[in-house]
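Enquirer: Which chain is which? The protein sequence lines are Z, G, D and B, in order.
Taking the working numbering, I'd label the letters of the first sequence as residues 7 to 462.
Taking the working numbering, I'd label the letters of the second sequence as residues 7 to 462.
Taking the working numbering, I'd label the letters of the third sequence as residues 7 to 462.
Taking the working numbering, I'd label the letters of the fourth sequence as residues 7 to 462.
Ideal Cβ positions, reconstructed from N, Cα and C, are used throughout, including at glycine.
Handing you this structure, nothing more for now.
There are 4 protein chains.
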Amino acid sequence: MCGIFGVFGHKEAAKLTYFGLYALQHRGQESAGMAVSDGREVREYRALGLVPDVFDEEILSRLPGHIAVGHVRYSTTGSTTVKNAQPFCVTHGGCTLALAHNGNLVNAHEIRTELEAQGSIFQTTMDSEVIVHLLAKASRRGIVEAIREAMEVIRGAYSVVLLLPDRLIAFRDPHGFRPLCLGMVNGGYVVSSETCALDLIQAQYLRDIRPGEILVIDENGLHSYEGVKSEATAYCIFEFIYFARPDSYIFGENVYAFRKRLGQGLARERPLEVDFVMPFPDSGNYAAIGYAQATGLPFEMGVIRNHYVGRTFIQPSAGMRDFSVRVKLNPVREILRGKRVAVVDDSLVRGTTSRTRVKAIRETGALEIHMLISCPPIRYPCFYGIDFPTPGELIAAKHSVEEIRRYLELDGLYYLSLEGLIAAAGGDGKRFCLACFTGEYPVPVREGLRKDILER
Amino acid sequence: MCGIFGVFGHKEAAKLTYFGLYALQHRGQESAGMAVSDGREVREYRALGLVPDVFDEEILSRLPGHIAVGHVRYSTTGSTTVKNAQPFCVTHGGCTLALAHNGNLVNAHEIRTELEAQGSIFQTTMDSEVIVHLLAKASRRGIVEAIREAMEVIRGAYSVVLLLPDRLIAFRDPHGFRPLCLGMVNGGYVVSSETCALDLIQAQYLRDIRPGEILVIDENGLHSYEGVKSEATAYCIFEFIYFARPDSYIFGENVYAFRKRLGQGLARERPLEVDFVMPFPDSGNYAAIGYAQATGLPFEMGVIRNHYVGRTFIQPSAGMRDFSVRVKLNPVREILRGKRVAVVDDSLVRGTTSRTRVKAIRETGALEIHMLISCPPIRYPCFYGIDFPTPGELIAAKHSVEEIRRYLELDGLYYLSLEGLIAAAGGDGKRFCLACFTGEYPVPVREGLRKDILER
Amino acid sequence: MCGIFGVFGHKEAAKLTYFGLYALQHRGQESAGMAVSDGREVREYRALGLVPDVFDEEILSRLPGHIAVGHVRYSTTGSTTVKNAQPFCVTHGGCTLALAHNGNLVNAHEIRTELEAQGSIFQTTMDSEVIVHLLAKASRRGIVEAIREAMEVIRGAYSVVLLLPDRLIAFRDPHGFRPLCLGMVNGGYVVSSETCALDLIQAQYLRDIRPGEILVIDENGLHSYEGVKSEATAYCIFEFIYFARPDSYIFGENVYAFRKRLGQGLARERPLEVDFVMPFPDSGNYAAIGYAQATGLPFEMGVIRNHYVGRTFIQPSAGMRDFSVRVKLNPVREILRGKRVAVVDDSLVRGTTSRTRVKAIRETGALEIHMLISCPPIRYPCFYGIDFPTPGELIAAKHSVEEIRRYLELDGLYYLSLEGLIAAAGGDGKRFCLACFTGEYPVPVREGLRKDILER
Amino acid sequence: MCGIFGVFGHKEAAKLTYFGLYALQHRGQESAGMAVSDGREVREYRALGLVPDVFDEEILSRLPGHIAVGHVRYSTTGSTTVKNAQPFCVTHGGCTLALAHNGNLVNAHEIRTELEAQGSIFQTTMDSEVIVHLLAKASRRGIVEAIREAMEVIRGAYSVVLLLPDRLIAFRDPHGFRPLCLGMVNGGYVVSSETCALDLIQAQYLRDIRPGEILVIDENGLHSYEGVKSEATAYCIFEFIYFARPDSYIFGENVYAFRKRLGQGLARERPLEVDFVMPFPDSGNYAAIGYAQATGLPFEMGVIRNHYVGRTFIQPSAGMRDFSVRVKLNPVREILRGKRVAVVDDSLVRGTTSRTRVKAIRETGALEIHMLISCPPIRYPCFYGIDFPTPGELIAAKHSVEEIRRYLELDGLYYLSLEGLIAAAGGDGKRFCLACFTGEYPVPVREGLRKDILER
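Dropping the structure here:
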């Protein structure tokens with residue numbers, strides 16, 4: 007996953023981008039970067055690390071200009087090098103362009119092989135680079151036409167912000183897998199993965215970039231083109247369930263309210279006789295609140311989050327079991343001892359972390375532990391940008407709910423049903439990509455990629 | 007404030023101390039350090055920064071031994087230099103000792119002046135150093151006697167862990183202002199400011215170090231001495247209200263449960279007619295839960311905390327008002343718009359942050375905003391280690407509740423009463439230091455120090 | 007200018023390359039890098055800085071393998087970024103290659119424009135990158151054929167070492183502008199710009215790579231191919247005069263002995279009546295020795311070199327004139343006062359440094375100062391890799407010897423004649439490129455490049 | 007050994023000190039530091055490393071003021087920690103002082119033990135710290151009197167520069183072992199170990215600080231006091247032979263001229279029949295020049311110094327013998343092959359490096375190698391600050407000249423005689439400390455220290 011952000015027409019474009027990326031940090035913690043144009047020259051800076059560690063005042067001061075594009079990255083491919091940090095910048099025919107991409111192409115490998123046979127040299131292993139090569143090939147026909155040609159060729163998920171020395175261009179795949187919205191601040195425009203970045207810089211939300219749309223922002227304002235025709239949307243429902251920030255609006259809706267409806271749906275499907283309901287913070291907070299309100303059960307925060315956990319690489323000593331899980335959350339014995347508790351979480355992926363957490367709660371002397379998951383079992387891999395583990399590690403791909411309950415050593419385990427999920431989403435499941443639950447992929451995936459994913 | 011931690015008799019003493027300090031990070035984020043002995047040689051490492059930034063595997067590997075003392079520091083005196091990082095280590099007469107101190111002496115200045123006149127040279131500006139000089143002066147009479155003599159001279163708050171090449175010693179002032187507990191892990195002993203550090207390293211809680219006690223831990227086990235007679239305790243109640251971690255037990259009680267009782271007390275004193283109750287996270291979480299449960303009102307998390315906020319020094323651009331507050335918490339418009347809300351916080355110090363937060367909530371379209379504070383107005387400075395601002399900046403020192411309500415632009419502002427606080431504390435207020443609320447100081451403070459504090 | 011180095015068939019290829027680059031450091035101080043292959047995977051590391059600052063044991067340990075190529079760079083184009091550090095590595099069609107280039111192409115710009123029009127994307131501004139793109143275009147026909155095709159297209163100076171996962175290839179332009187030699191150590195082969203690198207690693211010198219030759223080194227040994235026909239050589243004589251290390255053999259001759267002959271030539275042409283002869287160290291040392299021996303004059307080291315001068319960026323305070331020159335050399339008053347001195351230097355480029363040095367000598371009380379330059383006046387730019395300033399700044403391009411003497415405030419200024427230079431070079435001037443003295447360029451230079459150089 | 011530098015009355019005192027230390031870098035490469043006063047507040051900065059690595063513009067800008075003291079250190083005691091970097095700064099009784107010391111006390115241990123018994127706490131293991139403690143003890147009687155009392159107690163070698171918030175004080179032991187001179191620049195005063203630092207900042211040399219003198223520099227100018235009576239001087243002759251920079255004047259004489267006289271003395275004592283004379287650069291340069299001029303033999307630079315050798319810690323690979331010696335100097339085969347050579351060096355300490363160098367020269371095909379040493383055999387340890395190895399490692403302490411010649415595999419080895427040394431020094435050996443040659447120590451050394459040195 008990644009977060010992308012762009013600015014056009016604000017004299018402190020780099021600073022705005024810095025804060026925009028700051029607000030989007032939850033979408034990617036591996037690297038951060040930005041490219042900034044003053045109308046003529048494009049300057050860039052990228053590094054591994056969190057936004058506040060990558061940038062400082064001095065670096066920003068060396069990035070003057072009123073147009074900017076930024077990116078935070080969470081590696082989906084495993085190779086952690088600054089080379090793969092975005093935005094991806096190239097100078098071609100005397101013109102520099104910088105591209106920030108959120109999503110995953112399903113036919114990048116085929117395109118790359120074809121281009122290399124023609125003599126093209128690739129700098130990175132990112133699928134985003136094929137978009138740039140396609141733009142270079144077609145550059146004689148103008149940038150909008152070049153993007154349109156590229157959109158004919160590439161398939162999969164892409165929300166893209168592209169900076170040219172004098173323009174900012176946003177485009178989005180015809181299914182609209184990943185969010186991308188447009189805002190306005192002090193007469194300038196901003197483009198962002200989520201609205202939480204607009205809130206931080208006190209920008210006003212205007213609208214989403216439409217699936218299939220190419221939106222050019224230049225001195226003369228906004229220019230919208232149809233890139234490819236969008237026949238049906240396939241919004242990633244996992245953005246709502248887990249990925250996006252609760253204060254954001256994506257795909258036209260607020261994430262917190264969506265998650266609360268998931269908890270209310272669980273309450274309708276699975277009312278439990280327990281002493282209280284508690285979340286695994288922070289991912290389970292909002293569904294837990296919805297569940298507590300719908301059932302009338304007390305809400306407690308039975309495990310405490312340590313706010314100073316960073317990227318520690320110190321190995322615990324021999325006697326310290328399950329350290330990496332325990333250091334993040336500590337159960338509160340006083341609250342849990344002798345109680346029947348319902349624990350709410352947003353999803354179960356591998357199950358290993360939850361298992362350790364349940365054990366830690368059990369050791370406090372809790373009497374019964376029931377777990378409520380605010381989505382259906384995740385059974386299928388994502389090819390559009392969510393970094394699930396291979397199906398072999400996806401616990402629900404191979405195991406029944408009862409087997410998972412036993413593995414987690416729970417007194418009860420209850421998933422929200424697919425119907426419950428669709429109901430919480432407003433009743434119309436067709437707007438969404440539900441492939442991780444159903445295996446029905448809106449964009450076909452070639453066998454090779456499927457195999458790569460399954461075997462990596 | 008500071009956090010202190012010690013280990014005796016564990017072969018990975020440095021690693022244990024690392025994790026102990028990790029769990030105590032909330033008590034001090036300015037510097038971290040530790041000294042470790044292998045029975046003969048004492049090695050130390052201290053630096054500015056958070057625990058995981060200060061230490062890595064390589065540094066820990068250069069600190070071998072089975073005895074250790076560690077410290078995290080939040081500067082109470084303003085001078086941020088690594089020189090003032092603890093533990094404070096000296097070699098005297100061929101013997102190295104390392105001292106970690108939590109608390110504040112009220113007569114450090116007088117002692118220092120006297121010692122300097124006799125030719126002593128001080129290395130730092132920390133009041134902790136005077137303890138070391140007193141120990142050096144009396145070292146001929148043995149370390150326990152030297153500590154006892156020092157305890158006769160120094161006055162104020164001190165929970166101390168002292169490392170010698172072959173021993174670990176913990177001692178605590180006769181009023182017991184600051185917490186200090188003893189645990190056991192794999193046959194070794196640990197000493198810690200709070201029990202949350204014991205939980206992380208899976209140590210078992212044994213007991214608190216007693217006010218006035220000197221506890222020596224060596225090859226032969228525990229040896230307890232009476233340092234000075236403790237006539238009455240003066241536990242810092244602000245440790246419960248704000249400072250300690252909710253999962254810790256301090257002074258024999260759990261912090262979460264204490265805070266929930268504060269919220270329940272508020273509910274008894276001030277039941278409000280609102281749509282829901284919400285905390286300012288995370289400090290207000292537990293009192294808000296107590297209030298919600300006692301009133302039956304829905305609990306919501308109306309503001310979202312950004313988990314990636316670090317020490318950013320980037321100045322926001324011109325149009326971005328109240329940035330440093332907004333970057334930490336973002337209100338959720340969907341939840342707040344058109345609602346009457348009760349916001350719970352643990353305390354009000356300057357009021358400036360709360361004012362900005364209230365304004366941000368107001369801008370979402372909330373109809374009424376009431377604030378509930380889970381302690382009485384803070385009117386007096388602390389001389390025992392809590393770093394309140396000067397009385398001139400303590401909003402309740404100069405202003406009535408109604409004036410504060412108007413300043414914060416609230417529809418209602420309600421403090422827990424002193425009686426409510428004492429009731430939540432079990433009814434016996436005399437065990438505690440309540441000086442910040444009452445101005446009654448358990449250890450007299452000379453006029454000079456009082457003036458220094460008032461004018462700094 | 008740059009230094010290049012390669013290894014085939016030594017199990018510590020990275021370490022050997024490290025030491026090779028160490029010995030070639032005088033050829034480039036801006037950046038250092040290497041790529042190493044274990045037969046399958048190619049790993050690389052490059053950074054700005056000196057060789058011992060760029061690499062450490064840990065970095066070398068992450069570069070395992072028996073084949074390596076290394077590079078030290080002195081920027082000839084002004085953009086100091088790690089992007090332009092070599093070796094230049096690309097992965098194309100699944101095969102990684104790494105290229106290190108010493109020299110300068112005269113038609114890189116035209117080739118690049120043509121390739122970009124076909125859709126190629128360039129990563130850097132280095133002319134070396136066009137070689138790699140040409141290789142990629144022709145890669146289907148095998149690497150030797152691809153190099154041969156590239157050599158047909160590129161014109162100018164290039165000594166190149168190319169690493170493939172299982173081979174090392176060295177090739178050199180048909181004029182042989184830059185040196186490149188072959189050695190052997192412990193059964194493996196090494197390729198180096200100068201023999202001083204062979205000495206350091208105790209390798210045995212075998213022969214030079216021939217102008218126009220492609221030399222492939224693989225598991226089966228050496229394979230020599232004719233890349234392009236070499237009709238006449240054009241060895242850069244400035245390598246002898248200034249650039250190469252005095253202990254090296256280049257183009258088949260020792261540099262120290264060559265420089266001594268230059269001094270002896272000066273003695274024949276310009277015997278002076280002075281008290282002693284001294285060099286500007288270290289560049290003038292060897293010609294000064296030759297001059298002293300031929301004239302029988304005493305040799306002194308009248309200015310002392312400060313061996314700890316690094317890249318200091320501290321601005322001197324107001325009263326400190328000519329600081330950057332003085333910090334490097336300090337005249338010895340005791341030796342110079344009241345004396346008539348002959349100062350020998352290898353060349354005069356801008357003249358600004360010499361002017362300051364002469365002034366500093368004058369201030370000691372020297373009676374007469376004569377300067378002897380061991381080459382003719384440099385009047386023309388170099389397009390083959392020596393980084394002279396623009397002709398506007400080349401003092402001899404615009405000024406007569408008498409004008410320069412007056413500018414330097416000398417009592418006498420004497421250049422070696424072109425005939426003297428040719429005589430020192432063994433009498434046959436045609437083997438050498440003498441363009442910087444004569445303006446006769448062995449490889450034609452298009453007007454545009456000439457203009458770029460003149461106006462930059 | 008160390009270099010010390012002080013400034014009074016120059017508005018850019020930190021910058022001047024930076025450049026002063028830069029020029030004194032040869033006296034210590036382990037750490038650098040300075041303390042600067044603006045008349046009220048004293049600020050300091052110290053770190054491990056070379057002067058240009060330790061300081062930058064930003065650090066200097068945080069050291070405002072017109073009084074400064076600086077220090078470069080070469081550890082004589084082996085513990086490389088920044089704690090032992092000087093100047094040593096303490097705040098005592100509200101007044102900060104900073105002390106920079108060159109030399110070595112012979113009774114530091116006894117004084118320290120006595121002070122610790124009285125309760126004093128030492129921060130470092132440097133003997134310089136005892137001077138500060140003695141000053142603190144006597145501070146009531148004013149600083150000049152306190153220094154005088156300290157000078158009564160301490161014995162050995164000390165050239166000291168002491169900074170107080172409003173004064174600079176220089177004092178020197180009654181034997182004047184280490185140099186210390188006074189200069190003037192732009193109306194301000196500077197104090198420096200050597201005059202080369204005065205040259206760099208274009209200051210004018212005034213005079214040396216006298217043995218036994220206390221010189222106070224304040225707003226009212228210079229104030230000279232007699233600290234202790236100086237009965238006889240004992241200038242370290244090794245400063246002339248090896249340590250000081252050749253362009254400096256120390257003890258009233260120029261170092262280059264002194265060394266040239268040593269070479270001329272050798273020529274008188276040992277005229278050799280060889281093809282040429284060459285130095286081991288740079289230490290042997292000046293005696294070699296003297297020798298060449300006196301004998302009429304040609305002077306050559308038969309080994310080339312690599313100017314980019316830094317602190318490399320990369321271990322050479324298996325086949326690379328004697329790497330650390332070879333990387334610094336490379337012999338020039340062309341010059342040496344088939345020749346009889348006389349190599350001049352300033353001194354022989356362990357002999358290991360020379361042995362490797364001789365071997366490297368032999369491998370070039372030189373016919374005969376004779377070595378000339380421009381001082382007598384070093385047979386005794388130095389207790390006054392020169393860091394010779396223990397007598398067990400001093401090659402001449404245990405071996406005859408013939409044995410050394412065989413160990414070095416030389417055709418001839420010739421030392422300057424003690425008489426020759428004294429003659430070069432002007433005929434009066436009594437002004438100098440010659441203890442390393444004669445074993446006659448001007449200041450008695452207690453048995454314990456002698457043993458410590460012998461056994462370390």
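1) Give the secondary structure of Cys388/G by DSSP, where H, G and I count as helix, E and B as strand, and everything else as coil.
2) Please confirm whether Phe128/B has its beta-carbon closer than 8 Å to some beta-carbon of chain G.
3) In angstroms with no decimal places, state the Cα-to-Cα distance between Arg251/Z and Ser134/Z.
4) Check whether the Cβ of Asp393/D sits closer than 7 Å to any heavy atom of the ligand SAM, and report yes or no.
5) Near Val42/Z, which residues of its chain fall below 6 Å by C-beta distance, leaving aside the five closest residues on each side in sequence?
6) Threshold first: 4 residues or longer. Then list the alpha helix (DSSP H) segments lying entirely within the stretch 393-421 of chain D, N to C.
7) In its own chain, which residues sit with a C-beta less than 6 Å from the C-beta of Arg154/B, not counting the 5 before and 5 after it?
8) Span of the beta strand (DSSP E) holding Phe14/Z?
9) Going along the stretch 97-115 of chain G in order, which residues come within less than 9 Å of chain B, judged by CB to CB distance?
10) Can you give me the start and stop residues for the alpha helix (DSSP H) that Glu340/G sits inside?
11) Is Val138/B close to chain G? Criterion is C-beta to C-beta, closer than 8 Å.
12) Gly391/G and Gly109/G: beta carbons closer than 8 Å?
13) Using alpha carbons as the reference points, say which of Met284/D, Tyr262/D, Ala273/D lies closest to Val309/B.
14) So which residues on chain Z does Leu174/G lean against when the C-beta distance must stay under 9 Å?
15) Assuming Gly39/G is part of the beta strand (DSSP E), what are its boundary residues?
16) In this structure, does DSSP put Leu204/G in helix, strand or coil?
17) Three Cβ pairs or more, each shorter than 8 Å: is that satisfied between the stretch 364-383 of chain G and the stretch 329-347 of chain G?
18) Between Ala209/Z and Asn192/Z, what straight-line distance do the alpha-carbon atoms span, to the nearest angstrom?
19) How far does the alpha helix (DSSP H) with Leu378/Z in it extend, from its first residue to its last?
20) Output, in sequence order along the chain, the residues in the stretch 319-337 of chain G whose CB is closer than 9 Å to any CB in chain Z.
21) Residues bridged to Gly465/D by DSSP?
22) So the alpha helix (DSSP H) Val6/D belongs to, where does it begin and stop?
Expert: Answer, in terms of the structure:
1) coil
2) yes
3) For Arg251/Z and Ser134/Z, the distance between alpha carbons rounds to 24 Å.
4) Among the components modelled here there is no ligand, and therefore nothing to report on the ligand SAM.
5) Ala19, Ala20, Arg49, Leu69, Gly71, Ala74
6) 401-404, 407-414
7) Excluding residues up to 5 positions away in sequence, Gly233 lie with their Cβ nearer than 6 Å to the Cβ of Arg154/B in the same chain.
8) 8-14
9) Thr97, His98, Gly99, Gly100
10) 339-342
11) yes
12) yes
13) Tyr262/D
14) Correct list: empty, because the minimum Cβ distance to chain Z is about 18 Å.
15) Note, Gly39/G: beta strand (DSSP E), 37-43.
16) helix
17) The stretch 364-383 of chain G, when compared against the stretch 329-347 of chain G, does touch it at the 8 Å Cβ threshold.
18) 8 Å
19) Taken as a continuous stretch (DSSP letters only), Leu378/Z belongs to no alpha helix (DSSP H), being part of the beta strand (DSSP E) at 374-379.
20) Phe319, Ile320, Gln321, Pro322, Ser323, Ala324, Gly325, Met326, Arg327, Phe329, Arg332, Val333, Asn336, Pro337
21) With chain D represented from 7 up to 462, any question about residue 465/D goes unanswered, as that position is not in the structure.
22) Shown here, chain D extends from 7 to 462; a query on residue 6/D therefore has no answer.
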